[in-house]
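Have a look at the structure below before the remarks.
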Amino acid sequence: MPRSLEDYRDIVGDEIISQIHRKAMGILGKHVVHINSTYQGGGVAEMLQSLIPLMNDIGVDTGWRILHGNPEFFSMTKSFHNALQGQDIEISDIKKRLYLQTNENFSSYTHIEHDFIIVHDPQPLPLLKFYKKQQPWIWRCHIDLSNPNPDLWEFLKTFILKYDTVIVSHENYVRNDLPVAHRLFPPAIDPLSRKNMELNELVVKKTLKAFQIPSDKPMITQISRFDKWKDPLGVIQVYKQVKEKIDCRLVLCGSMAPDDPEGWDIFHEVQNQAEKEIQAGDVLLLTTENNLLVNVLQRTSAVLIQKSIREGFGLTVTEALWKGRPVVASRIGGIPLQIENEKNGFLVDPEDVDACADHVIRILKDPQMAEAMGAAGKETVRKHFLITRLLGDYLDLIKSFLVCPNLSNGSEKCFS
Ligand code: UDP
Numbered sequence: 001m002p003r004s005l006e007d008y009r010d011i012v013g014d015e016i017i018s019q020i021h022r023k024a025m026g027i028l029g030k031h032v033v034h035i036n037s038t039y040q041g042g043g044v045a046e047m048l049q050s051l052i053p054l055m056n057d058i059g060v061d062t063g064w065r066i067l068h069g070n071p072e073f074f075s076m077t078k079s080f081h082n083a084l085q086g087q088d089i090e091i092s093d094i095k096k097r098l099y100l101q102t103n104e105n106f107s108s109y110t111h112i113e114h115d116f117i118i119v120h121d122p123q124p125l126p127l128l129k130f131y132k133k134q135q136p137w138i139w140r141c142h143i144d145l146s147n148p149n150p151d152l153w154e155f156l157k158t159f160i161l162k163y164d165t166v167i168v169s170h171e172n173y174v175r176n177d178l179p180v181a182h183r184l185f186p187p188a189i190d191p192l193s194r195k196n197m198e199l200n201e202l203v204v205k206k207t208l209k210a211f212q213i214p215s216d217k218p219m220i221t222q223i224s225r226f227d228k229w230k231d232p233l234g235v236i237q238v239y240k241q242v243k244e245k246i247d248c249r250l251v252l253c254g255s256m257a258p259d260d261p262e263g264w265d266i267f268h269e270v271q272n273q274a275e276k277e278i279q280a281g282d283v284l285l286l287t288t289e290n291n292l293l294v295n296v297l298q299r300t301s302a303v304l305i306q307k308s309i310r311e312g313f314g315l316t317v318t319e320a321l322w323k324g325r326p327v328v329a330s331r332i333g334g335i336p337l338q339i340e341n342e343k344n345g346f347l348v349d350p351e352d353v354d355a356c357a358d359h360v361i362r363i364l365k366d367p368q369m370a371e372a373m374g375a376a377g378k379e380t381v382r383k384h385f386l387i388t389r390l391l392g393d394y395l396d397l398i399k400s401f402l403v404c405p406n407l408s409n410g411s412e413k414c415f416s
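In case it helps, my numbering puts the sequence shown at residues 1 to 416.
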C-alpha cells in the first residue's frame, strides 16, 4: 500500500508534517512528472518510489515516466555515467545518434503536458529537444560532476543549457561553467522502506538464520558493491588487525549485477586475501540483493565500516546512521556531510588502515560510547536526510517556479 505523509508523523514530528502541507499550498492540483530510466535498482529509483506517492498523497498530482531503451543504449549511458565521473570515453557519431534517436522515439509516444518536469540523470536529458517547451524543465543530476570528461561534458551541455535549473547532490558538483541556476538537494532515505523500517526481533532472527549468519561474535560490516572504490581489500586488512585484539566476525555484503565482471574479479581477490578467515567462518561474503538483509545487517552489527576511496554521497552511511549504529568511514565525498568526527561517528583518511582498525577496536571496547554515537547519528539523519526533507526541497522548487516565478533563480524563499 502506498504510504501517506501522516505515516511519518511519529518519526519526524507534527511540525515537519504541517510545514510540508503548507509548502504545498499554491501548487495543489498541479501536474508534475518525473522522468528517469529505471523503475528499480539503484538509489534514484529507490528515492522516486518513495517520493512520488508522497507528492500525490499531499495533493500535487505527480506522474512517473520511464525512458525505454535497448541494451546498447543503456551500456552507452553507463559509459556516460562513468565518464561524467572522470573516466575516458570516445563519443562516436553513432553513439550520439543512438542517444538522440532513443529519446526522440520515446517522445513520439509519450505525451508530456505537465506543469513541471523533472528529468533525472543523463539518459533522458535530450528529451527536451523533442518537445515544445511550455513549462519549467529541471535536470536532476545524481552523479558526481566535479571532474567530468571534457568532451562528454561539452556534448551534454548542449542539452543542459535548455533547462531552467540543475539540481546536484553536493556543493562540489556545482558547475561554474554552466550558466544555469543550481540547487543543492542532498539525497535522502525513506525510514519506512523495507531497508530502513523498524524490525521486530523475530524477523531479525529469521533473516540471520536464512542467510546463515551466526551471532556468537560481534559483527563488523561493510555493505557495498564489490568495487575497487569501496576498498573491500582494505576492509579485510582492517579486519585482520582488529581480530588480533578482539574476536569478531566480518561481513562484506555486496549485491552483484550479472553483467558486472569487474565485481566478480574483485570478489575473487577478496576471497583469496581472506581464504583462511572465510574457511574459519570469520569472514562472510554475501552477494544477494535483499533490502531486508541490509536492514538486519545494519541493525545487528557492532560497527559499520565504509572504507571507500571515492564516494558520491554514501547512502550506506546514511542507512547505518539511521539504525543508530556506530560508523567508521572515510573522510571523502559526501560522507563528511553526514558524519562529524567523534560526534556521531568516526572519520578516517581513506588509505589509513591503522586508524580505521583503531577506531573499530575503540568502539568494540566501549559499547556505551558506541551507543551514544549511534544515537547522535540517528538524529543527524532525522534532521537532514529523510525523504520528508527531500519532499520539502521539491515543493520549494516547484513553488518558486509556479507561484513566484521571479524567485525561481535559486532563491529558497517565497513570501506570496
Ligand atoms: N546496497 C544493497 N545491497 C547491497 C549493497 C548495497 O541494497 O548488497 C544498497 C545500499 O543499501 C545503498 C546503495 O545500494 O542504498 C548504495 O548506495 P551508495 O550511495 O552507498 O553507493 P553507490 O553504490 O551508489 O556508489
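Built from N, CA and C at the ideal position, the CB exists for glycine as well.
Proximity of residue i and residue j at Cβ, strictly below 8 Å
| i | j | result |
| --- | --- | --- |
| Arg335 | Phe116 | It should be noted that the sequence gives Ile, not Arg, for residue 335. No. |
| Arg389 | Ala188 | yes |
| Gly43 | His142 | yes |
| Gly254 | Phe226 | yes |
| Val303 | Leu208 | no |
| Val51 | Leu391 | Per the sequence presented here, residue 51 reads as Leu, with Val not at that position. Contact flag set, yes. |
| Val294 | Ile223 | yes |
| Leu84 | Pro136 | no |
| Gly345 | Pro326 | yes |
| Glu311 | Gly281 | no |
| Ile167 | Ile138 | yes |
| Val403 | Val296 | no |
| Leu67 | Ile112 | no |
| Ile89 | Leu152 | yes |
| Pro423 | Arg3 | Lying before the first or after the last residue shown, residue 423 is absent from the chain, which here runs from 1 to 416. |
| Thr77 | Pro122 | yes |
| Leu315 | Leu285 | no |
| Thr331 | Leu347 | Sequence check: residue 331 is Arg here, not Thr. Yes, the Cβ-Cβ distance between Arg331 and Leu347 is below 8 Å. |
| Cys356 | Ile309 | no |
Residues bridged to residue i [DSSP beta-bridge criterion]
| i | result |
| --- | --- |
| Asn341 | Gly345 |
| Phe116 | Val32 |
| Gln306 | Ala329 |
| Cys253 | Ile223, Leu286 |
| Thr62 | Val32 |
| Leu208 | DSSP lists no partner for Leu208. |
| Leu386 | Ile189 |
Candidates the options: closest to residue i by CA position
| i | options | result |
| --- | --- | --- |
| Met197 | Trp322, Gln49, Leu28 | Trp322 |
| His31 | Phe211, Arg65, Gly314 | Arg65 |
| Ile17 | Gln368, Pro367, Met25, Leu5 | Leu5 |
| Ser79 | Asn70, His68, Ile91 | Ile91 |
| Ser37 | His120, Arg3, Met76, Cys141 | His120 |
| Pro232 | Ile266, Val203, Lys205 | Ile266 |
| Asp352 | Ile361, Phe313, Lys307 | Lys307 |
| Ser146 | Glu319, Lys23, Ala45, Phe313 | Phe313 |
| Gly69 | Gln87, His81, Leu98 | Leu98 |
| Leu359 | His170, Val242, Asn103 | Before going further, note that residue 359 is His rather than Leu in the sequence given. For His359, the nearest C-alpha among the options comes from Val242. |
| Arg299 | Ser215, His268, Met369, Gln338 | Ser215 |
| Asp349 | Gln338, Met369, Val328 | Val328 |
| Met47 | Ile112, Arg140, His111 | Arg140 |
| Asn419 | Leu315, Thr316, Trp264, Thr380 | What the structure shows of the chain is the stretch from 1 to 416, and residue 419 is not part of that stretch, so it cannot be assessed. |
| Leu292 | Thr77, Phe74, Ser193 | Ser193 |
| Ile387 | Ile339, Glu319, Glu371 | Glu319 |
| Trp229 | Lys206, Gly263, Glu244 | Gly263 |
| His81 | Asn172, Gln40, Leu125, Ile118 | Leu125 |
| Asn105 | Gln134, Arg362, Phe73, Tyr173 | Phe73 |
| Thr288 | Ile309, Ile278, His114, Ala257 | Ala257 |
Residue i CB to nearest heavy atom of ligand 2 below 7 Å
| i | result |
| --- | --- |
| Val283 | This structure simply doesn't include ligand 2; it includes ligand 1 instead. |
Subject >> Three-pair Cβ contact test at 8 Å for the region 268-284 versus the region 225-238 >> reply: yes
Subject >> Length at least 3, wholly inside the region 7-60: the beta strand (DSSP E) runs in chain order >> reply: 31-36
**OP:** Could you tell me whether the region 128-137 touches the region 159-170, using the rule of 3 or more Cβ pairs below 8 Å?
**Re:** yes
**OP:** May I have a chain-ordered list of the alpha helix (DSSP H) segments no shorter than 4 residues that lie completely inside the region 125-188?
**Re:** 150-160
Subject >> Touch test, the region 239-256 against the region 176-185, Cβ-Cβ under 8 Å, three pairs minimum >> reply: no
Original post:
With contact counted as at least three CB pairs below 8 Å, one residue from each stretch, are the region 6-15 and the region 194-211 in contact?
Top reply: Too few Cβ pairs lie closer than 8 Å, so no.
Original post:
Would you call the region 367-376 and the region 164-182 in contact, with 3 or more CB pairs under 8 Å?
Top reply: With a cut-off of 8 Å, the region 164-182 and the region 367-376 do not count as touching, because too few Cβ pairs lie within range.
Original post:
Should the region 51-62 be called in touch with the region 18-26, which here means at least 3 C-beta pairs below 8 Å?
Top reply: yes
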